[in-house]
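Using this note's numbering, count along the sequence shown one by one with no gaps and you end on 301.
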Amino acid sequence: MELNLKKLKPYGDILDDGVVQVSFTLPVEPSAEAREAAIQLAQKMGFEPVKVATMEKAANGFAFFVIYGNLKASVDFTQIKVLKVESEKRGRDEIDEIIRKHIGRKLVVLGACTGYDAHTVGIDAIINMKGFAGDYGLERYQWLDARNLGAQVQNDELLKLAAAGKADVILVSKVVTQHNIHVKDLKELMAKAARLGLKEKLIFVAGGPRVTHPLALECGFDAGFGVGTKPSEVASYVVEEYLKRHLPEAYEEVTGKKASGARKAASKPAPKARSRKPTKPIRKAKPRRARARV
Ligand code: B12
């Protein structure tokens, strides 16, 4: 049997059988009627035939099911187009070497978890020295000056620090998404950045478990990263984006691609090989009392 990408289906035992395992709980005691209800629900989900592998009592008045079913639906894989971060994944040494050779100074990266969001672990995973899943954090890069401002940093404070510290890149983490607070905070940051003339000057990257690249673009960011992101993926994007905007020739040399997407602001090349220290050391934003505004 040959794989037909135009009619892609889940794989169970044999190609195109469409076998899927789903589990759910019904708020009724396990019984023959509960089993039939689970089968009918699975049929409504598009499974045929349906096999109830497990029906267990989860608690008083609750039945837990594991169902195997053959999914009838398929998707045309050849027609799928996804808006995604296009940069090539590179290792730390290569990224450091690109910055040393083509930019000649450290790129200043500021990261924070913003608003009233107190979840620090995501931004720590990206920035802190030890990194995430065996991938060193941005602090470990010789040619990045990466600073982690922690959590509960207000948008105004972040932009003030970005301007004062002459940041090149802003990394924003959003974890709490209740009532779409992440979208509201991200959009507000970008509206303020635009008013301060920072939107075009800096590279803005958003991240978090429910952040996607399209969502980040919708909020006015340049890129978005979600679950399982590794620091080197972020560094790879940042260095390519910086070259694309400021040093199109170097971008073409490094990537083999035309810097056609270069922005207007990019026409002014960044000065090479100069040390750019922030006017004042960037102080960590004052932590606010953890408050769940959700
Ligand atoms: C630990 C934790 C906490 C700790 C946080 C401690 C700390 N210092 O961070 C504490 C106890 C404080 C906490 C509090 C709350 N929490 Co909490 N918490 C969690 C938990 C268990 C783990 C989060 C975590 O650390 N993940 C590990 C990191 C590594 O993963 P990550 O954040 O996804 O980061 C990765 C990527 O997303 C990405 N990334 C993240 N940020 C960025 C940024 C950039 C720029 C980039 C490029 C990439 C990137 O890279 C990272 C590495 O791959 C989650 C549940 C879960 N299992 O996820 C709930 C969870 C996030 N919390 C939740 C909630 C509701 C709360 C509270 C509101 C609870 C309450 N009612 O008080 C409060 C909120 C407090 C506040 N003001 O924010 C909900 C959020 C639901 C939602 N959708 O909004 C979750 C999902 C639990 C749940 N299932 O309900 N929490």
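Every residue, glycine too, gets a C-beta built ideally from N, C-alpha and C.
> Are Ala41 and Met8 touching if we call contact CB-CB under 8 Å?
Replying inline: Position 34 of the sequence shown holds residue 41. Position 1 of the sequence shown holds residue 8. Their beta carbons are not under 8 Å apart, which means Ala41 does not touch Met8 by this criterion.
> Val245 to Phe72, Cα distance in whole Å?
Replying inline: On the sequence shown, position 238 is the one that residue 245 refers to. On the sequence shown, position 65 is the one that residue 72 refers to. Approximately 45 Å, taken between the alpha carbons.
>> Distance cutoff 8 Å, beta carbons only. Does Ile46 sit that close to anything in chain B?
In response: Looking for chain B here will not work: only one protein chain is present.
> Is the stretch 103-123 in contact with the stretch 171-179, if contact means three or more CB pairs nearer than 8 Å?
Replying inline: Yes, the stretch 103-123 is in contact with the stretch 171-179.
>> The alpha helix (DSSP H) that contains Thr262, what's its start and end?
In response: For this step, residue 262 is matched to residue 255 along the sequence shown. Where Thr262 is concerned, the enclosing alpha helix (DSSP H) starts and stops at 255-262.
> Are there 16 or more other CB atoms within 10 angstroms of the CB of Lys100, so buried, or fewer, so exposed?
Replying inline: Walking along the sequence shown from the start, residue 100 turns up at place 93. Checking the displayed sequence, the identity of residue 100 turns out to be Asp instead of Lys. The residue in question, Asp100, is exposed, as its Cβ has fewer than 16 Cβ neighbours within 10 Å.
> Taking 7 Å as the cut-off, is the CB of Thr219 close to at least one heavy atom of ligand 1?
Replying inline: Here residue 219 refers to the residue found at position 212 when the sequence shown is read from its first residue. Not so, every heavy atom of ligand 1 lies at least 7 Å from the Cβ.
>> Quick check on DSSP: helix, strand or coil for Lys64?
In response: By one-based count along the sequence shown, residue 64 stands at place 57. DSSP places Lys64 in strand when its eight states are reduced to three.
> Run through DSSP, which three-state label would Asp192 get?
Replying inline: Stepping through the sequence shown from its first residue, residue 192 is reached at position 185. Note: Asp192 maps to helix in three-state DSSP.
>> Quick check on the DSSP output: what are the complete alpha helix (DSSP H) runs of length 4 or more inside the stretch 192-252, in order along the chain?
In response: Qualifying alpha helix (DSSP H) stretches, in chain order: 220-225.
> Apart from the five residues just before and just after Thr127, which ones in its own chain have a Cβ nearer than 7 Å to its Cβ?
Replying inline: Within the sequence shown, numbered from 1, the residue matching residue 127 stands at position 120. Cβ within range, chain order: Cys120, Gly157, Ala158.
> Just to confirm, are Val26 and Pro17 a CB contact at a threshold of 8 Å?
Replying inline: Indexing the sequence shown from 1 puts residue 26 at position 19. Indexing the sequence shown from 1 puts residue 17 at position 10. Yes, they are a contact pair.
>> When you measure from the CB of Pro17 to every non-hydrogen atom of ligand 1, does any distance come out below 7 Å?
In response: If you number the sequence shown from 1, residue 17 lands on position 10. Checking the Cβ of Pro17 against ligand 1 gives no.
> Applying the criterion that 16 or more other CB atoms from any shown protein chain within 10 Å of the CB defines a buried residue, is Val35 buried or exposed?
Replying inline: Here residue 35 is taken as the residue at index 28 of the sequence shown, counted from 1. With fewer than 16 other Cβ atoms within 10 Å, it is exposed.
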